[in-house]
Amino acid sequence: MAEYDFRAIEKKWQNYWKDKEIYKVQVDTSKPKFYALDMFPYPSGAGLHVGHPLGYIASDIVSRYKRLKGYNVLHPMGFDAFGLPAEQYAIQTGQHPAITTEKNISRYKEQLNNIGFSFDWDKEVQTCDPAYYKWTQWIFLQLFHSWYNKETDQAEPIEQLTKRFEKDGNQTVLAACDEDTPSFSAQEWQQMSEHDQQSMLLNYRLTYVSDTVVNWCPELGTVLANDEIKDGFSERGGFPVERRKMKQWMMRITAFADRLLSGLDKVDWSDSLKEMQRNWIGKSFGCELDFKVKDSDIVLTAFTTRSDTIYGVTYVTLAPEHELIDQLTTPDQKQAVEAYVEVAKNRSERDRMADVKTVSGVFTGSFVVNPINGEEIPLWVADYVLAGYGTGVVMAVPSSDDRDFRFAKHFNLPIRMVIEGTENMEDPTEKKHGKMINSDFLNGMESTEAIKAVNERAEKKGVGKPKVNYRMRDAVFSRQRYWGEPVPVYFKDGIPHPLSTDELPLNLPSVDEYKPTSTGEPPLGRAVDWKYDGQYEYELTTMPGWAGSSWYHFRYMDPHNEEEMVSKTKQSYWENVDLYIGGTEHATGHLLYSRFWTKFLYDRGYVTVDEPYKKLVNQGMIQGVSSFMYRIAGENKYVSYHLRENYETSAMHVDVSLVKDNQLDIESFKKWKQDAQVAEFVLENGVYICGSEVEKMSKSKFNVVNPDDVIEQYGADTLRMYEMFLGPLEQSKPWNTNGIDGVFKFLRKLWRLFYDDADNFIVTEGTATEAEMKILHKTIKKVQEDIEDLSFNTSVSGFMICVNELTSMKCHKREVLNDLVVILSPFAPHIAEELWHQLGHEGSIVHAVFPQYQEKYLIEASHEYPISVNGKVRAKMEFALDMPKDDIEKAVLASEQVQKWTEGKAPKRVIIVPKKIVNIVV
RNA sequence: GCUGGAGUGGCGGAAUUGGUAGACGCGCACGUUUCAGGGGCGUGUGAGAUCUUCUCGUGCGGGUUCGACUCCCGCCUCUAGCACCA
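Residue 943 is where the first sequence ends in the working numbering, and the numbering goes up by one at each step.
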């Protein structure tokens, strides 16, 4: 075996790993643990492209490295298997989504295994497996049986709440609950019927049913969460989304808002990601102020963060959805207001977003009273006020808010300056903070002081109170779809009743079709006998995609446990994820929800950690490079890239596998498509040149590169190293194979270090030279540091340098090569195993130990460094290695030398880089 | 508009706390190998010049420093996320 036969080597070792269960892992308290997790994939029909494994390779390298460092490593893989594409496919073909999903999963696994990952497949989870979703349902039940106690700031069992209701009613209870929950005494509670008690408790449960305005996507026939919508269109499919009021299961994530915010301080995530979550939670400190309506008992409460500008309020605005609009409209304005509200309501979310610039609104005819200065000001309705944020009422200060400013300009409402320096500005809203003016008792204060002063006064007068507001809303938990976890609840007299734990899992029933019913009910409405105990209707919606993925990191620890979601022992050993790698697209969805569920499970004592992921890294996306051909309009004729301007052409994607260096392989192209056989070409210099562009990899753009093809040509080790070599992990970059030869050559060169031209294994036994040890230990240090920083691209360079040097030194020493293959094995495990084996070791290289570098080899002998005086390099000095770091004598000598070079003039300063200087050789 | 991140050769990208900018790879050039091709091996490769040496060079303009890709101030460009959030 003289040639580097990667196909044979990779097959051999992949089988070995599988047969010997090399990567099987168990709790082992004698070793430190490390948990490396990838965001599990949704198994789509298209299979993996070269972008998917990027993060998996990175986490695999870290896992293998940590094993060599003596850690017990949990590195599992599974599938996020419920979801829309399989269901859409089922609707079209009638095939059960479970079948497609299973097929896709086995394809994914095959592709993953080709790459040589060290997953423990014994730990695999699939969210659509009843043995798994049994516990997703179980967590749902625990949420149902819990409430949030704001006093203790944690989730607690609902029985404790009912006990307090029996004793004291709800007046002393500080809970996260629905805003309009009425208060009641112990006696009133006891007198309530069972039915009324239960519906009261629903206001407190962490998962509850509610009539809310939701994002309804008619095309998909389901509601969507805020994070599943992009610019008014569904993230999947890109269909329009509208607002609709519906009965939904909700998750009281808002109860955890503060902890989700503060918890970010103790995790090692990127700043941008933390910032995204902070924005999403959107905590703002402000004040609620009551504006009494003139000649009425109605009081409108407005939320503001700028109570200092209260003297600049010249009108108040309501959201068009506000409940009291009818009552607040005077008869002569009735027609105008109704017409406006009607238009505003029917406007889709997208339209509303699209013309943010257009100012619209209408006067109600009513006036309200400024709670601080008693001024009467008009009440308007305008769609720039959002019903979902704050109270749906805004006190408008045209002089310091640009929306209010535009509005006031448009409708000719008064604008009053309250901040010094804005008096003569064309747009006073550009200066937001400063000394207060025209503001009575606030005059002269800075904005921040004035805020405090107003808040205090309002509270004293009983017309307002400080308030913390969140942008985040409770999460809609219902999906009107088939392919998801059934909600383990049935309805009796309109009240939801949970199943008990031993009734789980509630299996997904079979249905004849996967569409909604003719009456518009979700697909589960088609299931025959979908009733509890034969009489009570089960819930018809299913759980959203994020349910199963919110806790899978725990299930991997103990995936076969039938008694618990995860055993206490195993969970407290593995704790949480040390390194989590995945795409940034889950910043506000999955990553927020799973933090929420983890905190909940922690509160209720089921797990010992309240953050799921200690360190999180977002790998960049690998984009595709699409190729284009230019077809002449109306003809079956294609023009080469540089000649296309001479014709009327349309660009057409062409399969990238038919193109090399932008040059089309015409013969292959002719076989690619039916009408291509007879196509004609306008060539330049005898060849057809294609255009190219970087885009997202997708089937329809014919730019998908399948890792299997790369492996077939170069092998998995080359693929792994090349993906790492492409650039920093977190950076997005297009896939191009320009450098892949270099990586392949490196592995072949490495191989040749062990063989001579005559096929002889030529590892020698002698002691390595100083130079050989130096290059080896330099590499060990570099690779170790780079892996720990996740700078895989530069560690690959380190290997290349090392092998090049050893080759030029003709070093074949066992002493060196042994360590070299060990440190290489996380990157290129197959070739490392083979060489390890040939070096005469028994068993797998995973049982080897990552060598420690030795300082004495790292210091470079006799190297020249410059010393600069007043910006000019005046001399070079030789330094060496074993010099004590603060060798003052040498420093003094150096400065004397410097004086000589500066011709007697004392330099201003002499800076000496201590660890580098020893002798001066002028 | 706000908030992150980034601007370095023909290209992907290196550069510890400020200390020889351009590692490593691709590409290119020359040489070499009884070398068909492909491959292998070696050398060179930021720009400019009066070419053993010198000058200029890390988006632009300033500053701090003996010394700046790195730190500070002001711009420009690209990219990602958020966006009527009061």
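By construction, the Cβ of each residue, glycine as well, lies at the ideal position given by its N, Cα and C atoms.
query, result
"8 angstroms CB neighbourhood of D461 in its chain, flanking five on each side removed", "Y332 and N394"
"Straight-line Cα distance separating D279 from A496", "16 angstroms"
"Spatially closest choice to V314 from D286, T469, L345 and T121, by CA coordinates", "L345"
"Endpoints, the alpha helix (DSSP H) within which K636 is located", "Element bounds for K636: not the alpha helix (DSSP H) but the beta strand (DSSP E), Y634 to N639."
"Touch test, the stretch 556 to 566 against the stretch 133 to 147, Cβ-Cβ under 8 angstroms, three pairs minimum", "no"
"Y336 burial status per 10 Å Cβ neighbour count (16 or more: buried)", "buried"
"Cβ pair G712, F617 closer than 7 angstroms", "no"
"Start-to-end residues for the beta strand (DSSP E) that takes in C308", "S305 to V314"
"Candidates R88, S421, G72 and R28: closest to V870 by CA position", "R88"
"Beta-bridge pairing of E583 - partner residues as DSSP gives them", "DSSP output for E583 lists no bridge partner at all."
"Span separating the alpha-carbon of E826 from that of L774", "11 angstroms"
"Backbone secondary structure at H663 - three-state DSSP", "helix"
"Beta bridge counterpart(s) of L339 as assigned by DSSP", "V402 and V414"
"First and last residue of the uninterrupted alpha helix (DSSP H) at S220", "E215 to L222"
"Reference E733; option with closest CA among T275, C198, E444 and N135", "N135"
"Terminal residues of the alpha helix (DSSP H) in which N490 lies", "No alpha helix (DSSP H) holds N490; the beta strand (DSSP E) holding it covers G485 to N490."
"Expected contact under 8 angstroms - CB spacing of I458 and I440 to nearest Å", "7 angstroms"
"Cβ neighbours of H946 in the same chain (closer than 7 angstroms, five flanking residues each side left out)", "The structure shown does not extend to residue 946, since the chain is modelled only from 22 through 943, so no value can be given for it."
"Sequence ranges, beta strand (DSSP E) only - wholly within the stretch 230 to 307, length at least 3", "243 to 245 and 263 to 272"
"Status (buried if at least 16 other CB within 10 Å, exposed otherwise) for S570", "buried"
"Proximity below 7 angstroms, CB of G485 to CB of C198", "no"
"Of the listed residues I179, M642 and M673, nearest to S721 (C-alpha basis)", "M673"
"Candidates Q132, L622 and A67, of which the one nearest F277 by Cα", "L622"
"K552 versus S220: straight-line alpha-carbon distance, rounded", "21 angstroms"
"Segments assigned alpha helix (DSSP H), at least 4 residues, entirely inside the stretch 530 to 596", "567 to 570, 573 to 576 and 589 to 595"
"E716 to K754 span [Cα, whole Å]", "10 angstroms"
"Buried or exposed by the 16-neighbour rule on C-beta atoms within 10 Å, applied to L195", "exposed"
"Three-way DSSP call (helix, strand, coil) for R327 in this model", "coil"
"Coarse secondary structure for F100, derived from DSSP in three states", "strand"
"Identified DSSP bridge partners for E397", "V390"
"Inter-residue Cα distance where the pair is D316 and F388", "9 angstroms"
"Entirely enclosed alpha helix (DSSP H) segments - the stretch 673 to 712, minimum 4 residues", "687 to 693"
"Inter-residue spacing [alpha-carbon to alpha-carbon] between M416 and E296", "28 angstroms"
"Rounded C-alpha distance that separates E656 from K692", "19 angstroms"
"Bridge partners - E177, DSSP secondary structure assignment", "W168"
"The stretch 444 to 456 / the stretch 410 to 425 touching (three or more Cβ pairs under 8 angstroms)", "yes"
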